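Numbering (mature numbering (1 follows the signal peptide of the UniProt record, and there is no 0)), first residue to last: -28 to -1, 1 to 662. Following: one structure in structure tokens, then a few remarks.
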Amino acid sequence: MNRASHLSVLIATIVLAVAAAATESASAQTATRTSNERQSASASGGGIATNVIGNGNTINVSSADAAVLSELKSRMREEARLLNELKKAVASIQAMTQAPTTAPAANHALAALQAGDSAPSVALLHDQEANVARQAEQNANSAAADKHKAAELARQQGALAFFTDTEGALKAYQRAAGYEPDDPDTLIFIGDLQDRLGQTQQALTTFDQARALLERKRAASPDNAALLSDLAVAHDRMGVEIQKQGDLDSALAHFRQALAILQKLVQQDPRNQEWQRDLAVTHDSIGAVLQSAGKVADSLAEFRQSMAIIESLARNKPDDVDLQLDLALARSRIGDSLLEQGDLTGALASYRQAVTVTDALDRRGLADPAKPHNSSPRIMTVAEARFSAHQRLGIALESKGDYEGALAEYQTALNIAQAQSQKDPNNVDGQKEILSAHLRHADALIARGDNDAALAELRQALTLGESLSRREPDHRYLQESVALAHVSIAMQLLAQKDAAQAANEARRGIELLTPLAQSAPGNKSWQSDLATGHSLLSAALLVQNDLPGALAESQKSIDIVDVLARDDPSNASLRQTLAEFHIIRASTLMAQKNAAGGASEARKATDAIEPIAKRDPDNAMTQSTLAEAYFLLSKLSATPDEQRDFRNRTIEILTKLKDQGKLMGAFTPMLQTVRADASADSAPLSQSSK
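Structure, rendered in structure tokens:
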């Protein structure tokens, strides 16, 4: 689901405000109504233009957010391998406690490791590695065995440093590859660490090297299950990196190759938990690609298959922390798809289950990945899973209209991400989480009406996003985040009546989004992002009274999303975005005094949004969009009876939201205006026409 569409309601309120100001000026009202219509003494248009600039967000899960979750989920594959290396590391140090020359340092290292400090262990193993490497150079007869031992010691260091020193861990695994260049597991670890450092293309190259090596080994031993399992991992990892670059079809092809291998392995040995978990990850990976491609129903089916596998495993091992983490992230995934389909209640339930699981693990003291639990830190940490769960719960709460609750969840997520990033500043995954958290935090601040704080948050996000994008130029979802930051900043500038600068920011966003959308036509998220950029530029041009330009940009946005919505009828998010874009176009036509054209667009908006609003009445964002459409029809309908009917519907929706504490400040002036219209409409004709 595309985060950009959360801006659509806000854009519509701004455009609607300007249009209302135009139609409410001096003598303009009679030009857009029938001659027998009673004139209403409504609140002044200037008041609307001044005040109806707020935010009714259609809060969605962005492709950038989903990319963060994909990176967390994909690491599940390496847990067993990492655990194996860590056990070897502990065994190596324990063996050194038996030798008089190394016993003091080894005992100190074990005590420090138990307290969460791996540095003494890494240093001790590094010394041993150096000694063995020298032996390999000095004795040709034992060189092969010595190189293998040196590689083992290097891999053990890499495993110990995995969470606290990503660069150090990468160097250790690269030394191991130097000793044993034909070890595919080592290459996969190197690729994982390159990924964590933001080296997307390097990681893809490394994973492809691992794949080619495994294919050669497989040719000599076609039925070797371990080789097949590693080959599935390599294909999955390649799919993750290719997906970052926006090539969804190629990514999906690699994920499906991994799926075919794993299904065969699981059929051979259904009791192998590692293969079962790998199979669950692969279903999740396929679901994530389908989600980006706008195929929500298909993605939900994949996520549910992943969930079913994990639930079965977790029932047999209820105390397995890693399985609980898998379960939490699977519930987050399902929540994402339910939210896209317009099932806010179901999404909230899934997200709350995820939060319950991860917070319970945190209370058990399992949040620090540096401390061994069951002899192992885990690749997918409790802190990372908590970040994802709290942020997604915030998204759903914001859709529900609980803006303070959403702010609290976003702040929790931001605190988690910042704390983790401080522990390993070179790990860009933590920085990506902070970027995502800043963007979401800004959303909630906008919804609360705190526009200055939101703008400051967005500028932080833009600075961080640009820095990360320069560091990882092949990660195109980072480019998406930078573009959306520009679009969001444009929105805030427009709310502050700086239309010229808003137009400039919108154009910057469009400039970044256009090549993304053109490079990957199947990526529906990027297409929708581009449409939102055009709609924002339309709003800015309208404020500058460039009505032809505003209409042209609004039509571009409609043309894009109309195709997307037809391609995926189950995607309620896209239909709501389409409704908002029709509202924007209707408002622009209203500003041009084209009542018939504006009414036609407003009715298209109601046709798109009414079924969604009826199905999910608790979604404050959807109800707000419906109220906007009705408000326009109360101004543009051809007969007084229709105007009165739509006015009453607008009042009913907005009053209910107000009574529930869900009405954003942006809509308060609209409610005041429509109530004044209704009051004037009920006054004697002689008074209302004065």
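The beta carbon of each residue, even a glycine, is placed where N, CA and C say it ideally should be. Values in this document were obtained by computation on a predicted structure and should not be read as measured data.
Inter-residue spacing [alpha-carbon to alpha-carbon] between residue i and residue j
i: Gly569; j: Ala544; result: 25 Å
i: Ser264; j: Gln110; result: 55 Å
i: Leu379; j: Gln527; result: 34 Å
i: Asp501; j: Leu297; result: 31 Å
i: Ile530; j: Asp396; result: 44 Å
i: Leu316; j: Lys634; result: 15 Å
i: Leu295; j: Leu234; result: 18 Å
i: His506; j: Ala475; result: 10 Å
i: residue 663; j: Arg183; result: In the structure as shown, the chain begins at -28 and stops at 662. Residue 663 is therefore absent and cannot be evaluated.
i: Gly150; j: Asp241; result: 34 Å
i: Ala592; j: Ser393; result: 34 Å
i: Phe359; j: Leu484; result: 28 Å
i: Ala652; j: Met562; result: 21 Å
i: Ile418; j: Ala332; result: 31 Å
i: Glu525; j: Arg147; result: 55 Å
i: Thr74; j: Trp247; result: 39 Å
i: Ala36; j: Asp118; result: For Ala36, the predicted model reports a pLDDT of 46, less than 50, meaning its position is unreliable and no value from the coordinates is stated.
i: Val354; j: Leu299; result: 12 Å
i: Gly521; j: Ala175; result: 44 Å
i: Leu185; j: Thr384; result: 43 Å
i: Thr4; j: Leu608; result: Below a pLDDT of 50, predicted positions are generally treated as unreliable, and Thr4, at 35, falls in that range; no measurement from the model is reported.
i: Ser430; j: Ala457; result: It should be noted that the sequence gives Leu, not Ser, for residue 430. C-alpha separation (whole angstroms): 6 Å.
i: Lys509; j: Ala433; result: For clarity, residue 509 is Leu in the given sequence; the question names Lys instead. Approximately 21 Å, taken between the alpha carbons.
i: Glu311; j: Gly318; result: As written in the sequence, residue 311 is Leu, which differs from the Glu given in the question. Cα-Cα distance, rounded: 8 Å.
i: Ile555; j: Gln277; result: 38 Å
i: Ser654; j: Glu614; result: 15 Å
i: residue 675; j: Thr330; result: Given that the chain is displayed from residue -28 to residue 662, the structure contains no residue 675 and the question cannot be resolved.
i: Asn387; j: Asn423; result: 21 Å
Minimum C-alpha distance to residue i - residue among the options
i: Arg557; options: Asp579, Ala537, Leu519, Ser322; result: Leu519
i: Met564; options: Leu523, Ser201, Arg243; result: Inspection of the sequence shows that residue 564 is occupied by Gln rather than by Met. Nearest of Leu523, Ser201, Arg243 to Gln564, Cα basis: Leu523.
i: Leu231; options: Glu274, Ala478, Pro445; result: Glu274
i: Ala428; options: Ser460, Ala455, Asp334; result: Ser460
i: His226; options: Leu96, Trp247, Leu203; result: Leu203
i: Pro156; options: Gln129, Ser559, Arg190, Leu484; result: Arg190
i: Ala357; options: Tyr375, Ala302, Glu438; result: Ala302
i: Ala599; options: Arg106, Gln128, Ala638; result: Ala638
i: Tyr382; options: Gln394, Glu582, His413; result: His413
i: Ser572; options: Pro583, Ser559, Arg619, Glu582; result: Ser559
i: Thr136; options: Ala489, Asn399, Ala512; result: Asn399
i: Gln490; options: Gln325, Phe134, Asp219, Ala83; result: Asp219
i: Asn495; options: Glu438, Gln215, Asp308; result: Gln215
i: Asn620; options: Pro612, Asp631, Ala650; result: Ala650
i: Arg127; options: Thr172, Lys59, Gln171, Arg168; result: Lys59
i: Arg168; options: Leu365, Phe553, Glu444; result: Glu444
i: Lys576; options: Asn566, Glu552, Asp590, Ala585; result: Glu552
Residue environment, residue i, which counts as buried when at least 16 other CB atoms sit within 10 Å
i: Pro641; result: buried
i: Pro538; result: For the record, residue 538 in the displayed sequence is Arg; it is not Pro. Classification of Arg538: exposed, given that the 10 Å Cβ count is below 16.
i: Gly88; result: exposed
i: Ala116; result: exposed
i: Thr645; result: buried
i: Ser42; result: In this predicted model, Ser42 has a pLDDT of only 49, less than 50, meaning its place in the structure is not dependable enough to derive any value.
i: Ser284; result: exposed
i: Gln86; result: exposed
i: Met48; result: Model confidence at Met48 stands at a pLDDT of 46, short of 50, so the residue's coordinates are unreliable; what they give is reported in the following sentence. Result: buried.
i: Glu213; result: buried
i: Ala198; result: exposed
Cβ pair residue i, residue j closer than 8 Å
i: Ile306; j: Leu251; result: no
i: Ala409; j: Gln464; result: no
i: Gly373; j: Leu629; result: yes
i: Gly481; j: Ala455; result: yes
i: Ala108; j: Ala122; result: yes
i: Val327; j: Ala361; result: yes
i: Asp588; j: Thr594; result: yes
i: His98; j: Gln129; result: yes
i: Ala471; j: Ala512; result: yes
i: Ala610; j: Ala574; result: no
i: Tyr449; j: Ala416; result: no
i: Leu165; j: Ala141; result: yes
i: Gly437; j: Leu407; result: yes
Contact with chain C by residue i, beta-carbon distance below 8 Å
i: Arg431; result: As a matter of chain content, chain C is missing from the structure shown, which is built from one protein chain.
**Item:** Contained alpha helix (DSSP H) runs [length at least 4] in the stretch 251 to 291, N- to C-terminal order
**Value:** Runs of the alpha helix (DSSP H) inside the stretch 251 to 291: 268 to 288.
**Request:** List in chain order: all unbroken beta strand (DSSP E) runs of 3+ residues lying wholly within the stretch 65 to 144.
**Result:** Within the stretch 65 to 144, no complete beta strand (DSSP E) run reaches 3 residues.
**Item:** Within the stretch 289 to 331, ranges of the beta strand (DSSP E) (whole runs, at least 3 residues)
**Value:** Scanning the stretch 289 to 331 from its first residue to its last, no whole beta strand (DSSP E) run of 3-plus residues comes out.
**Any alpha helix (DSSP H) of 4 or more consecutive residues that is wholly inside the stretch 612 to 659** = DSSP runs (the alpha helix (DSSP H)) wholly in the stretch 612 to 659: 612 to 631, 640 to 653.
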